[in-house]
Structure formats: structure tokens, C-alpha cells
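Chemist: Numbering (the working numbering), first residue to last: 1 to 134.
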Amino acid sequence: MSERTVITFGTFDVFHVGHIRVLQRAAALGDRLVVGVSADALNISKKGRAPVYSQDERMEIVASLKVVDEVFVEESLERKRDYIVEHGADVLVMGDDWAGKFDWVDDVCEVVYLPRTPSVSTTGLIEHIASLST
Ligand code: C2G
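1. Would you report the Cα separation of residue 8 and residue 118, rounded to the nearest angstrom?
2. Could you pull the start and end residues of the beta strand (DSSP E) that residue 58 belongs to?
3. For the ligand C2G, I want to know if residue 104 counts as a neighbour, meaning its beta carbon is within less than 8 Å of at least one of the ligand's heavy atoms.
4. Report, in whole angstroms, the separation of the C-beta atoms of residue 14 and residue 126, which I expect to be a contact under 8 Å.
5. Figure out for me which residue from 17, 110, 53, 129 has the closest Cα to the Cα of residue 65.
6. Taking contact to mean at least 3 C-beta pairs separated by less than 8 Å, is the region 33-44 in contact with the region 53-67?
7. Can you name the start and end residues of the beta strand (DSSP E) that residue 32 belongs to?
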């Protein structure tokens with residue numbers, strides 16, 4: 001039987017336990033996990049601010065994880081189908097904060113939304129850290 005490739009996407013800024021858990025659960029759905037790490041420019045256009053960690057740092061962190069086989073830069077949300085085809089992915093995994101948003105790629109692969117880990121977020125961590133200095 002051929003290898004089953006899983007693909008997922010994310011910013012993974014200020015890396016935390018919610019990030020590793022979604023990557024572990026994604027990896028468990030196949031034999032090989034490919035991760036698209038969103039570009040700094042994509043974040044600025046999407047969230048109106050640059051990530052705390054640069055795209056090179058975020059790529060380095062994600063690439064170092066034992067559940068991750070390959071990383072690449074995600075330049076645009078609209079190119080999702082191209083990335084899936086280029087990397088030969090059989091399944092797209094996204095957290096359920098994106099539920100339904102990427103169903104339009106279901107002609108090229110299976111689409112799975114996994115529940116987010118409760119009570120942890122990059123925004124919450126940034127606010128917490130900022131509050132320590134006031
Ligand atoms: N996540 C999670 N639990 C949390 C926080 C995040 O499971 N408590 C998951 C998200 O659902 C996502 C992944 O971790 O699957 C990365 O989250 P973000 O870095 O917030 O990614 P985002 O900015 O939503 O970028 O193409 C889509 C984008 O690149 C996704």
C-alpha cells in the first residue's frame with residue numbers, strides 16, 4: 001500500500017502545547033506529515049500584525065519536531081489546493097477554528113478538522129507576558 005501523506009497549515013507563532021497536539025494528531029492520521037508555515041506577509045495581511053517569531057524561526061521550530069517530515073512556506077490561503085497537489089497530500093488537517101473553510105479542496109483530498117486544545121492561544125500568551133511587566 002502506498003504511503004499516506006497528511007498536510008496541515010498554521011502560523012505556529014510562540015509555539016505552545018496546542019500546536020504540538022494538533023501536529024501529533026495530524027501525524028497519526030498518516031505516514032508522513034507536511035506542514036505549511038504561514039509567511040510573515042500572509043500574517044500581516046490576515047491579522048494586521050507581524051508574528052512575534054519570524055517565518056524562518058517558526059519554520060525552524062516546526063521542522064525540528066519529530067512528528068514533522070517536511071515544512072514549506074504558505075504564501076497564500078487561496079493556493080491551498082496547489083500546495084496539496086504539489087506535496088501529494090491525501091488528507092488536509094486543520095483545527096476546528098477553520099471548520100468548513102477549506103471544504104473546497106475536497107476534490108483533491110480528504111479534509112479533516114480536529115478540535116482545538118482548550119485554554120491556550122498565542123494571543124493569550126502574548127497578553128499574559130505583556131501583563132507581567134505592568
Ligand atoms: N491550535 C489548536 N489548539 C490551540 C491553538 C491552535 O489545535 N489551542 C491549532 C490550530 O487549530 C491550527 C494550528 O494549531 O490547526 C496552528 O494554529 P495557528 O498558528 O493559530 O494557525 P493559523 O494562524 O490559524 O493559520 O492556512 C491557514 C493558516 O495558515 C492557519
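From the three backbone atoms N, C-alpha and C, an ideal C-beta is built for every residue, glycine too.
Modeler: This is what the structure holds:
1. 19 Å
2. Taken as a continuous stretch (DSSP letters only), residue 58 belongs to no beta strand (DSSP E), being part of the alpha helix (DSSP H) at 55-63.
3. no
4. 7 Å
5. 17
6. yes
7. 32-38
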